[in-house]
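Enquirer: One structure follows; several queries about it will come next.
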Amino acid sequence: MSNDDIDLDALDPTERIKHDSNFLRGTIEQGLADEVTGAIAESDTKLLKFHGSYMQDDRDVRAARQKKKLEPAYSFMIRLRMPAGVCTPQQWLALDDIATRHANGTLRITTRQTFQYHGVIKRDLKTTMRAINDTLLDTIAACGDVNRNVMCSPNPYASEIHSEVFEWSKRISDHLLPRTSAYHEIWLDGDKVAGGEPDFEPIYGPRYLPRKFKIAVAVPPMNDVDIYANCLGFIAITDDKGELAGFNVTVGGGMGMTHGDTATYPRLADVIAFCRPDQSVAVAKQIVALQRDYGDRVNRKHARFKYTVDDHGPEWIRSELEHRLGWSLEDPRDFHFESNADRYGWVDGADGRGHFTLFVENGRIKDEGECRMLTALREIARVHDGEFRMTPNQNVIISKVADQDRPRIEAILRDHGIDPDADRSAVRRSSMACVAFPTCGLAMAESERYLPSLIDRIDAMMAENGLQEDAIIVRMTGCPNGCARPYLGEIGFVGKAPGKYNLYLGAGFQGQRLNKLYRENIGEPEILAELEPMIGRYAKEREDGEPFGDFVIRAGYVHATTAGRNFHHV
Ligand code: SRM
Ligand code: SF4
Numbered sequence: 004m005s006n007d008d009i010d011l012d013a014l015d016p017t018e019r020i021k022h023d024s025n026f027l028r029g030t031i032e033q034g035l036a037d038e039v040t041g042a043i044a045e046s047d048t049k050l051l052k053f054h055g056s057y058m059q060d061d062r063d064v065r066a067a068r069q070k071k072k073l074e075p076a077y078s079f080m081i082r083l084r085m086p087a088g089v090c091t092p093q094q095w096l097a098l099d100d101i102a103t104r105h106a107n108g109t110l111r112i113t114t115r116q117t118f119q120y121h122g123v124i125k126r127d128l129k130t131t132m133r134a135i136n137d138t139l140l141d142t143i144a145a146c147g148d149v150n151r152n153v154m155c156s157p158n159p160y161a162s163e164i165h166s167e168v169f170e171w172s173k174r175i176s177d178h179l180l181p182r183t184s185a186y187h188e189i190w191l192d193g194d195k196v197a198g199g200e201p202d203f204e205p206i207y208g209p210r211y212l213p214r215k216f217k218i219a220v221a222v223p224p225m226n227d228v229d230i231y232a233n234c235l236g237f238i239a240i241t242d243d244k245g246e247l248a249g250f251n252v253t254v255g256g257g258m259g260m261t262h263g264d265t266a267t268y269p270r271l272a273d274v275i276a277f278c279r280p281d282q283s284v285a286v287a288k289q290i291v292a293l294q295r296d297y298g299d300r301v302n303r304k305h306a307r308f309k310y311t312v313d314d315h316g317p318e319w320i321r322s323e324l325e326h327r328l329g330w331s332l333e334d335p336r337d338f339h340f341e342s343n344a345d346r347y348g349w350v351d352g353a354d355g356r357g358h359f360t361l362f363v364e365n366g367r368i369k370d371e372g373e374c375r376m377l378t379a380l381r382e383i384a385r386v387h388d389g390e391f392r393m394t395p396n397q398n399v400i401i402s403k404v405a406d407q408d409r410p411r412i413e414a415i416l417r418d419h420g421i422d423p424d425a426d427r428s429a430v431r432r433s434s435m436a437c438v439a440f441p442t443c444g445l446a447m448a449e450s451e452r453y454l455p456s457l458i459d460r461i462d463a464m465m466a467e468n469g470l471q472e473d474a475i476i477v478r479m480t481g482c483p484n485g486c487a488r489p490y491l492g493e494i495g496f497v498g499k500a501p502g503k504y505n506l507y508l509g510a511g512f513q514g515q516r517l518n519k520l521y522r523e524n525i526g527e528p529e530i531l532a533e534l535e536p537m538i539g540r541y542a543k544e545r546e547d548g549e550p551f552g553d554f555v556i557r558a559g560y561v562h563a564t565t566a567g568r569n570f571h572h573v
């Protein structure tokens with residue numbers, strides 16, 4: 004059907020907003036100039052996402068301001084596009100400076116290997132966007148119904164192929180960027196497109212995708228990118244000589260769901276084929292085009308690629324993909340994942356340089372009390388000549404450090420209250436929480452601000468049972484959208500209401516199995532009462548090397564979830 008034949012009224016209202024936006028312009032520019040309000044128009048907030056920014060309001064003061072008849076305390080979140088999560092020390096310094104000058108003084112590493120700023124007010128938005136672009140990074144397509152930040156295993160464990168795989172992830176990211184000049188026009192005062200010469204989106208078309216789209220590249224044995232949670236994934240496969248042979252292709256992962264709506268569910272991706280490295284960009288492009296054409300544009304709750312995959316079946320996706328490519332793919336090859344967590348401390352790279360993974364609690368880089376992480380990393384960036392890599396577990400790797408520089412990096416950390424040898428418990432290091440309050444408009448319960456104190460309690464239980472060295476993957480989110488991939492937590496907490504969470508158990512330690520609902524709508528006392536005996540039994544009854552997620556299934560607490568579609572089955 005040509006675009007002109009489409010009945011936009013029959014589709015989700017966002018489709019019209021995109022269609023009528025003149026390739027993502029809308030009235031954003033006029034809205035920014037309006038000094039009467041700290042907000043922009045509702046329809047523009049949807050378009051602004053494609054530019055990498057969300058309008059938010061401070062939920063801590065929402066009710067008080069409403070009482071005083073004041074408009075909400077609006078500010079903007081800005082998310083960077085940083086394919087594979089890599090930046091230079093110079094970029095780090097510039098990004099840190101922007102955080103202090105224009106945002107809330109923190110840098111927030113996200114669960115997709117990039118940074119977010121919170122608290123940027125409307126009149127600073129343009130200056131901040133420009134400052135980000137001055138660092139040679141940008142924010143385009145960090146949010147919105149397009150392909151997002153492409154992730155790539157940051158861990159240099161397989162460092163021989165890391166740089167090659169990293170280059171492919173950048174190429175995929177670049178290839179799938181929107182082509183509209185709206186971004187340059189609005190934020191960088193680029194030339195306006197001359198009248199009569201409209202923009203053209205060769206991959207996306209004028210209505211972009213039905214919904215957000217996510218790609219990751221994993222380098223086994225690490226599944227640190229949680230490959231199965233992505234719409235499209237590439238799993239690096241090496242040959243006998245340890246060289247990159249190609250990628251297994253995965254399709255149909257996603258986490259988001261809605262409480263009480265069983266038509267929505269998290270789903271793990273299927274491995275459907277193998278492609279050579281030089282075929283990966285074409286595969287990505289055709290899968291995106293397939294979702295553009297077949298994704299649901301009527302019901303946004305059914306619009307993610309995971310539902311397209313379930314509706315048509317993974318076999319059909321492969322044959323439609325091959326049809327579009329004009330050639331056949333090979334069958335998937337063998338691979339093995341060990342874990343979806345990060346390895347902390349120093350790892351030696353094949354290049355003779357060291358890589359230090361630093362735990363950042365819930366990704367928030369800030370100075371607080373004795374732990375002055377923001378300043379420490381600033382000091383490190385001043386002397387470091389390698390790079391920084393953000394991890395999908397919200398941590399940072401100080402990467403490519405020469406042997407003689409290691410003591411200096413460690414000394415800077417120690418001077419700022421961070422112990423490089425033994426910082427934090429195994430459970431804390433395996434935990435993640437999404438942002439939630441006060442900035443996230445969708446939060447139903449606390450997450451980032453609450454998980455640390457809950458982990459204190461879980462740590463105490465682990466210690467009582469002699470398990471302080473054992474990792475359990477704990478994930479928390481403030482709502483069921485799944486931003487910290489909670490359905491891949493061996494213990495998952497999903498916000499239901501203030502102070503209340505659904506407790507999920509039993510995900511696989513390699514990120515290969517979803518968990519299952521165990522208790523609904525419970526507060527901290529009930530959570531602790533549930534976990535205490537469970538952890539006690541785990542200490543006594545677990546088999547050699549048995550992860551907690553496997554144990555709770557064997558011990559009968561929950562049944563294993565074998566497919567997204569049966570996630571809600573007991
Ligand atoms: Fe997310 C919406 C934060 C990763 C699924 N996510 C949001 C918004 C923008 C809220 C909103 O729409 O108003 C949150 C902004 C909070 C704030 O104040 O900053 C938000 N998501 C995040 C981040 C920052 C969480 C974090 O703590 O790090 C992550 C940013 C990643 C990035 O750099 O791009 C983040 N979000 C994820 C992930 C994890 C992933 O991609 O691996 C998921 C689950 C995977 C998936 O997409 O299925 C995820 N976010 C969602 C959803 C549910 C989508 C769905 O299919 O239903 C929403 C809501 C929506 O899209 O309608 C959402
Ligand atoms: Fe907000 Fe929910 Fe995402 Fe948490 S999971 S950041 S509460 S949308």
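Once you know that position 237 of the sequence shown is 240 in this note's numbering, the rest is easy, because the numbers rise by one and skip nothing.
In this text, a Cβ means the ideal position worked out from N, Cα and C, and glycines have one as well.
#1: Quick one: Cα of residue 70 to Cα of residue 49, how far?
#2: Considering only heavy atoms of the ligand SF4, list every residue whose Cβ is less than 5 Å from one of them, following chain order.
#3: Do residue 215 and residue 151 have their CB atoms nearer than 9 Å?
#4: Answer yes if the segment 335 to 347 comes into contact with the segment 511 to 519, meaning at least three C-beta pairs across the two stretches below 8 Å, and no otherwise.
#5: How about residue 185 and residue 22: do their beta carbons lie closer than 9 Å?
#6: Rounded to the nearest angstrom, how far is the Cβ of residue 30 from that of residue 44, given a contact under 8 Å?
#7: Counting C-beta neighbours from all protein chains within 10 Å, is the total for residue 227 16 or more, i.e. buried, or is it exposed?
#8: Verify whether the separation of the beta carbon atoms of residue 284 and residue 171 is less than 9 Å.
#9: Run through the segment 398 to 480 for me and flag every whole beta strand (DSSP E) of 3 or more residues, listed as ranges in chain order.
#10: In angstroms, rounded to a whole number, what distance separates the CA positions of residue 385 and residue 417?
#11: Please classify residue 86 as buried or exposed, where buried requires at least 16 neighbouring CB atoms within 10 angstroms.
#12: Can you list, in chain order, the stretches of the alpha helix (DSSP H) that have 4 or more residues and sit fully within the segment 89 to 133?
#13: What residue from 439, 250, 308 has the CA that sits closest to residue 272's CA?
#14: Note down the Cα distance separating residue 552 from residue 476, rounded to an integer number of angstroms.
#15: Identify the residues that DSSP records as bridge partners of residue 40: which are they?
#16: Can the beta-carbon of residue 119 be found closer than 9 Å to that of residue 154?
#17: Report the rounded CA-to-CA distance for residue 460 versus residue 532, giving the unit in angstroms.
#18: Does any heavy atom of the ligand SRM sit closer than 8 Å to the C-beta of residue 146?
#19: Indicate whether the contact test is met: 3 or more Cβ pairs, each with one atom in the segment 412 to 426 and one in the segment 450 to 470, closer than 8 Å.
#20: Nearer than 8 Å: is that true of the beta carbon of residue 112 relative to any heavy atom of the ligand SRM?
#21: How long is the line joining the alpha carbons of residue 393 and residue 192, rounded to whole angstroms?
#22: So, for residue 187: in the same chain, excluding its five sequence neighbours on each side, which residues have a beta-carbon less than 6 Å away from its beta-carbon?
#23: Should residue 465 be counted as a contact of the ligand SRM given a C-beta to heavy atom distance under 8 Å?
#24: Are the Cβ atoms of residue 256 and residue 232 separated by less than 9 Å?
#25: Could you check if residue 73 is buried or exposed, using at least 16 other CB atoms within 10 Å of its CB as the buried criterion?
Expert: In this structure, then:
#1: Looking up residue 70 in the sequence shown gives position 67. Looking up residue 49 in the sequence shown gives position 46. Cα to Cα, residue 70 sits roughly 27 Å from residue 49.
#2: 437, 438, 439, 443, 445, 446, 480, 481, 482, 484, 486
#3: Taking the first residue of the sequence shown as 1, we reach residue 215 at position 212. Taking the first residue of the sequence shown as 1, we reach residue 151 at position 148. Taking 9 Å as the Cβ cut-off, residue 215 and residue 151 qualify as a contacting pair.
#4: yes
#5: The residue labelled residue 185 in the question sits at position 182 within the sequence shown. The residue labelled residue 22 in the question sits at position 19 within the sequence shown. No.
#6: Working through the sequence shown from its first residue, we reach residue 30 at position 27. Working through the sequence shown from its first residue, we reach residue 44 at position 41. With 8 Å as the limit, residue 30 and residue 44 qualify as a contact, their Cβ atoms being about 6 Å apart.
#7: Here the question's residue 227 lines up with position 224 in the sequence shown. Residue 227 comes out buried.
#8: On the sequence shown, residue 284 is found 281 positions in, with the first residue counted as 1. On the sequence shown, residue 171 is found 168 positions in, with the first residue counted as 1. Their beta carbons are under 9 Å apart, which means residue 284 touches residue 171 by this criterion.
#9: Runs of the beta strand (DSSP E) lying entirely within the segment 398 to 480, each at least 3 residues long, are 399 to 404, 434 to 436, 477 to 480 in chain order.
#10: For the purposes of this step, residue 385 is taken as residue 382 along the sequence shown, with counting starting at 1. For the purposes of this step, residue 417 is taken as residue 414 along the sequence shown, with counting starting at 1. So the alpha carbons of these two residues sit roughly 16 Å apart.
#11: As a first step, residue 86 must be located in the sequence shown, where it is residue number 83. Result: buried.
#12: Runs of the alpha helix (DSSP H) inside the segment 89 to 133: 92 to 105.
#13: For this step, residue 272 is matched to residue 269 along the sequence shown. Of all alpha-carbon atoms in 439, 250, 308, the one lying nearest the alpha-carbon of residue 272 is that of 308.
#14: Residue numbering aside, residue 552 sits at position 549 when the sequence shown is read from its first letter. Residue numbering aside, residue 476 sits at position 473 when the sequence shown is read from its first letter. Between residue 552 and residue 476, the C-alpha separation is close to 8 Å.
#15: Stepping through the sequence shown from its first residue, residue 40 is reached at position 37. DSSP output for residue 40 lists no bridge partner at all.
#16: The sequence position of residue 119 within the sequence shown is 116, counting from 1. The sequence position of residue 154 within the sequence shown is 151, counting from 1. Contact: no.
#17: Here residue 460 corresponds to residue number 457 of the sequence shown, with the count starting at 1. Here residue 532 corresponds to residue number 529 of the sequence shown, with the count starting at 1. Their backbone Cα atoms lie some 11 Å apart in a straight line.
#18: Within the sequence shown, residue 146 is the residue found at index 143, counting from 1. Distances between the C-beta of residue 146 and the heavy atoms of the ligand SRM include at least one below 8 Å.
#19: no
#20: Locating residue 112 in the sequence shown gives position 109, where the first residue counts as 1. Result yes, Cβ under 8 Å from the ligand SRM.
#21: Here the question's residue 393 lines up with position 390 in the sequence shown. Here the question's residue 192 lines up with position 189 in the sequence shown. Each residue's alpha carbon lies about 30 Å from the other.
#22: Here residue 187 refers to the residue found at position 184 when the sequence shown is read from its first residue. Hits under 6 Å: 193.
#23: In the sequence shown, the residue the question calls residue 465 occupies position 462. Checking the Cβ of residue 465 against the ligand SRM gives no.
#24: As a working mapping, residue 256 is identified with position 253 in the sequence shown. As a working mapping, residue 232 is identified with position 229 in the sequence shown. Yes. Within cutoff.
#25: In the sequence shown, residue 73 corresponds to position 70, counting from 1. Exposed is the call here.
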